[in-house]
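A.B. asks: Below: one structure in structure tokens.
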Amino acid sequence: MYDINNLLRPNIKNLTPYSSARDEFQGEASVFLDANENAFGSPLDAAYNRYPDPMQYAVKMRLSEIKGVPARNIFVGNGSDEAIDILFRSFCNPGVDNVVIVPPTYGMYQVSANINDVETKKVLLTDEYQLNLEGIAEAINERTKLIFICSPNNPTGNSINREDIETLLANFNGIVVVDEAYINFSRQKSFIQELTEYANLVVMQTLSKAWGLAGLRVGMAFASEEIIEVMNRVKPPYNVNEASQQLALQALQNVQQVNDWIKETLIQRDKLVITLKTMDFVLDIYPSDANFVLVKTANATGIYNYLVEKGIIVRNRTNVELCEGCLRITVGTPEENNTLLSTLQQYK
Ligand SMILES: *Cc1c(COP(=O)(O)O)cnc(C)c1O
Numbered sequence: 366m367y368d369i370n371n372l373l374r375p376n377i378k379n380l381t382p383y384s385s386a387r388d389e390f391q392g393e394a395s396v397f398l399d400a401n402e403n404a405f406g407s408p409l410d411a412a413y414n415r416y417p418d419p420m421q422y423a424v425k426m427r428l429s430e431i432k433g434v435p436a437r438n439i440f441v442g443n444g445s446d447e448a449i450d451i452l453f454r455s456f457c458n459p460g461v462d463n464v465v466i467v468p469p470t471y472g473m474y475q476v477s478a479n480i481n482d483v484e485t486k487k488v489l490l491t492d493e494y495q496l497n498l499e500g501i502a503e504a505i506n507e508r509t510k511l512i513f514i515c516s517p518n519n520p521t522g523n524s525i526n527r528e529d530i531e532t533l534l535a536n537f538n539g540i541v542v543v544d545e546a547y548i549n550f551s552r553q554k555s556f557i558q559e560l561t562e563y564a565n566l567v568v569m570q571t572l573s574k575a576w577g578l579a580g581l582r583v584g585m586a587f588a589s590e591e592i593i594e595v596m597n598r599v600k601p602p603y604n605v606n607e608a609s610q611q612l613a614l615q616a617l618q619n620v621q622q623v624n625d626w627i628k629e630t631l632i633q634r635d636k637l638v639i640t641l642k643t644m645d646f647v648l649d650i651y652p653s654d655a656n657f658v659l660v661k662t663a664n665a666t667g668i669y670n671y672l673v674e675k676g677i678i679v680r681n682r683t684n685v686e687l688c689e690g691c692l693r694i695t696v697g698t699p700e701e702n703n704t705l706l707s708t709l710q711q712y713k
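The sequence shown begins at 366 in my numbering and counts up one residue at a time.
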């Protein structure tokens with residue numbers, strides 16, 4: 366039987382969480398004089414004078430319908446970046462424990478580790494941007510608490526081989542975090558249905574990418590009830606504000622709109638790739654399962670600066686290990702993509 370108590374920091378295992386007014390009373394009432402709110406209202410229409418639901422119940426119920434995962438297996442955070450930070454704070458003793466990351470990958474794992482004073486063991490992806498399982502096995506020790514896998518991976522765009530992630534899940538005693546920020550664009554299956562299979566799995570998703578809600582800051586983690594319970598204890602009590610909860614709930618009614626955008630994004634991505642391939646300074650374009658492409662060029666910084674001058678911003682990744690000469694380009698609207706391509710065609 367997998368027991369996450371053996372993984373938790375002792376201070377978290379013994380933590381008495383903050384108990385908010387809304388936690389202590391749940392039920393029917395008409396007069397709320399328990400939270401020092403402004404009873405007269407707010408300068409805005411909606412009921413912003415009241416603290417938001419600390420457990421985001423309505424949002425989770427809707428996510429549960431869409432994702433086919435029980436609400437008790439869902440954590441909602443102020444972006445998935447909050448979920449990353451909470452995992453560090455829950456499981457990693459500063460200055461003692463370590464985590465494995467597999468660069469080139471999403472930068473927040475390293476930053477969050479640094480903030481929490483947690484060592485990262487870096488095991489580079491292979492030349493095909495896949496996991497080096499032997500390298501990971503060698504890097505792990507008894508103080509390794511988390512492994513971060515991003516699939517589809519940012520900034521490379523490819524999905525990580527499913528069997529390799531399953532190998533980690535089956536053999537690693539710590540927690541395997543699978544960051545699926547770009548899963549809506551992928552041909553690969555989400556790991557979200559494997560939660561009953563693996564007690565050490567955390568899947569992260571977000572409303573920031575395909576859902577078009579980067580400004581709301583709403584991210585999700587899906588995991589066992591035990592892990593979710595810990596994350597809820599560690600999070601700030603009101604981590605997702607009322608406006609974000611209401612707007613997320615509203616947006617989550619629009620699955621069809623989002624699916625249409627995903628289809629259009631993939632069509633635009635493929636068109637972008639076809640034209641980019643005809644340019645002589647483009648050396649390679651890596652296969653993408655996401656809404657961006659990683660493009661290897663003869664002169665990344667020169668092209669980057671040229672585009673900036675023309676008011677077009679892409680991401681220069683040339684200084685990232687295994688990404689020498691690479692620009693990461695997000696798929697835009699047809700007009701934006703055309704502007705990019707015609708501008709690039711004039712690059713000398
Ligand atoms: C964009 C991105 C996120 C999103 O984080 P939010 O805090 O939810 O906006 C998470 N992981 C990866 C790999 C990303 O690229």
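We treat Cβ as the ideally placed atom computed from N, Cα and C, and that holds for glycine.
If MET426 and ALA436 are in contact, beta carbons under 8 Å, what's the gap, nearest whole angstrom?
C.D. replies: By one-based count along the sequence shown, residue 426 stands at place 61. By one-based count along the sequence shown, residue 436 stands at place 71. Right, the Cβ-Cβ distance comes to about 6 Å (below 8 Å), so this counts as a contact.
A.B. asks: Less than 8 Å between the CB atoms is what I'm expecting for LEU373 and SER429, so what's the real figure, rounded?
C.D. replies: Locating residue 373 in the sequence shown gives position 8, where the first residue counts as 1. Locating residue 429 in the sequence shown gives position 64, where the first residue counts as 1. So it is not a contact: roughly 26 Å between Cβ atoms.
A.B. asks: For PRO417, collect the residues of the same chain with a Cβ closer than 7 Å to its Cβ; drop the 5 residues on either side in sequence, then sort them by chain order.
C.D. replies: Translated into the one-based positions of the sequence shown, residue 417 becomes position 52. TYR603, VAL605, ASN606, GLU607 and GLN610.
A.B. asks: Pull up the distance between the alpha-carbon of GLU594 and that of PRO419, whole angstroms please.
C.D. replies: Within the sequence shown, numbered from 1, the residue matching residue 594 stands at position 229. Within the sequence shown, numbered from 1, the residue matching residue 419 stands at position 54. Their Cα atoms are separated by approximately 13 Å.
A.B. asks: How many angstroms separate the CA atom of GLU559 from the CA atom of VAL434?
C.D. replies: Here the question's residue 559 lines up with position 194 in the sequence shown. Here the question's residue 434 lines up with position 69 in the sequence shown. Distance between the alpha carbons of GLU559 and VAL434 is about 10 Å.
A.B. asks: If you reduce the DSSP assignment to three classes, tell me which class VAL605 lands in.
C.D. replies: To locate residue 605, count along the sequence shown from 1; it is residue 240. It is coil, neither helix nor strand.
A.B. asks: Is the closest heavy atom of ligand 1 to the C-beta of GLY500 under 6 Å?
C.D. replies: For the purposes of this step, residue 500 is taken as residue 135 along the sequence shown, with counting starting at 1. No, the beta carbon of GLY500 sits no closer than 6 Å to any heavy atom of ligand 1.
A.B. asks: Would you tell me roughly how many angstroms separate the C-alpha atoms of VAL464 and GLU484, rounded to the nearest one?
C.D. replies: By one-based count along the sequence shown, residue 464 stands at place 99. By one-based count along the sequence shown, residue 484 stands at place 119. Taking the straight line joining both Cα atoms gives about 6 Å.
A.B. asks: What do you reckon, are the CB atoms on ASN481 and PRO459 nearer than 7 Å?
C.D. replies: Locating residue 481 in the sequence shown gives position 116, where the first residue counts as 1. Locating residue 459 in the sequence shown gives position 94, where the first residue counts as 1. Yes, the pair counts as a contact, with Cβ atoms nearer than the cut-off.
A.B. asks: Under 6 Å: does the beta carbon of CYS457 sit that close to some heavy atom of ligand 1?
C.D. replies: Residue numbering aside, residue 457 sits at position 92 when the sequence shown is read from its first letter. Answer for CYS457: no, Cβ out of range of ligand 1.
A.B. asks: Taking 7 Å as the cut-off, decide whether the C-beta atoms of GLY584 and ALA448 are in contact.
C.D. replies: If you number the sequence shown from 1, residue 584 lands on position 219. If you number the sequence shown from 1, residue 448 lands on position 83. Yes, Cβ-Cβ distance for GLY584 and ALA448 is below 7 Å.
A.B. asks: Is there at least one non-hydrogen atom of ligand 1 closer than 6 Å to the beta-carbon of ASP399?
C.D. replies: Start at 1 with the first residue of the sequence shown, and residue 399 comes out as number 34. Incorrect: ASP399 has no Cβ contact closer than 6 Å to ligand 1.
A.B. asks: Given 8 Å as the limit, is there contact between the region 382-397 and the region 615-623, that is, 3 or more CB pairs closer than that?
C.D. replies: Flag = no, the region 382-397 and the region 615-623 do not touch.
A.B. asks: Can you tell me the Cβ-Cβ gap for ASP446 and PHE550, rounded? I've got them flagged as a contact below 8 Å.
C.D. replies: Translated into positions along the sequence shown, residue 446 becomes position 81. Translated into positions along the sequence shown, residue 550 becomes position 185. So it is not a contact: roughly 20 Å between Cβ atoms.
A.B. asks: Helix, strand or coil: which one does DSSP assign to LEU498?
C.D. replies: For this step, residue 498 is matched to residue 133 along the sequence shown. Note: LEU498 maps to helix in three-state DSSP.
A.B. asks: So what does VAL441 bridge to, in DSSP terms?
C.D. replies: Position 76 of the sequence shown, counting from 1, holds the residue named residue 441. For VAL441, which the question treats as bridged, DSSP gives the partners MET585.
A.B. asks: Does GLY406 pass the burial test, meaning 16 or more other C-beta atoms within 10 Å, or should it be called exposed?
C.D. replies: Locating residue 406 in the sequence shown gives position 41, where the first residue counts as 1. Exposed, since its Cβ has fewer than 16 Cβ neighbours within 10 Å.
A.B. asks: Would GLN621 pass as a contact of ASN702 if the rule is Cβ separation under 7 Å?
C.D. replies: Counted from its first residue, the sequence shown places residue 621 at position 256. Counted from its first residue, the sequence shown places residue 702 at position 337. Contact: no.
A.B. asks: Looking at the structure shown, is PHE657 part of a helix, part of a strand, or coil, going by DSSP?
C.D. replies: Counting from 1 along the sequence shown, the entry for residue 657 is found at position 292. Three-state result, PHE657: strand.
A.B. asks: Quick check: THR640 and LEU692, are their CB atoms within less than 7 Å of each other?
C.D. replies: Sequence index remark: in the sequence shown, residue 640 carries index 275 (1-based). Sequence index remark: in the sequence shown, residue 692 carries index 327 (1-based). Contact flag unset, no.
A.B. asks: Rounded to whole angstroms, what is the Cα-Cα separation between GLU393 and ARG682?
C.D. replies: Here the question's residue 393 lines up with position 28 in the sequence shown. Here the question's residue 682 lines up with position 317 in the sequence shown. Distance between the alpha carbons of GLU393 and ARG682 is about 54 Å.
A.B. asks: According to the Cβ coordinates, are GLY539 and LEU511 closer than 7 Å?
C.D. replies: As a first step, residue 539 is located in the sequence shown; it is residue number 174 there, counting from the start. As a first step, residue 511 is located in the sequence shown; it is residue number 146 there, counting from the start. Contact flag set, yes.
A.B. asks: Under 5 Å, CB to any heavy atom of ligand 1. Which residues pass, going along the chain?
C.D. replies: Taking each Cβ in turn, the ones that pass are GLY444, SER445, ASP446, TYR471, CYS515, ASN519, ASP544, ALA546, THR571, SER573 and GLY584.
A.B. asks: Tell me which residue opens and which closes the alpha helix (DSSP H) that ARG634 is part of.
C.D. replies: Position 269 of the sequence shown, counting from 1, holds the residue named residue 634. Segment 620-642, the alpha helix (DSSP H) holding ARG634.
A.B. asks: Can you round the beta-carbon distance between GLY444 and SER573 to whole angstroms, since I take them to be within the 8 Å contact cut?
C.D. replies: Against the sequence shown, residue 444 aligns to sequence position 79. Against the sequence shown, residue 573 aligns to sequence position 208. At roughly 7 Å, the Cβ-Cβ gap stays under 8 Å, so GLY444 and SER573 are in contact.
A.B. asks: Ordered along the chain, which non-local residues of its own chain (more than five positions away) have a Cβ less than 6 Å from that of TYR474?
C.D. replies: Translated into positions along the sequence shown, residue 474 becomes position 109. ILE466 and PHE513, listed in sequence order.
A.B. asks: Am I right that ASN656 and VAL696 are in contact with their C-beta atoms under 8 Å? What's the rounded C-beta distance?
C.D. replies: Numbered from 1 along the sequence shown, position 291 holds the residue referred to as residue 656. Numbered from 1 along the sequence shown, position 331 holds the residue referred to as residue 696. The pair is a contact, with the Cβ atoms about 5 Å apart (cut-off 8 Å).
A.B. asks: Between the Cα of LYS628 and those of VAL599, THR698, TYR383 and LYS432, spot the shortest distance and give me the residue it belongs to.
C.D. replies: For the purposes of this step, residue 628 is identified with residue 263 of the sequence shown, where counting begins at 1. Residue THR698 is the option with its Cα nearest to LYS628.
A.B. asks: Can we say the region 528-536 touches the region 662-670, given the rule of at least three CB pairs closer than 8 Å?
C.D. replies: Flag = no, the region 528-536 and the region 662-670 do not touch.
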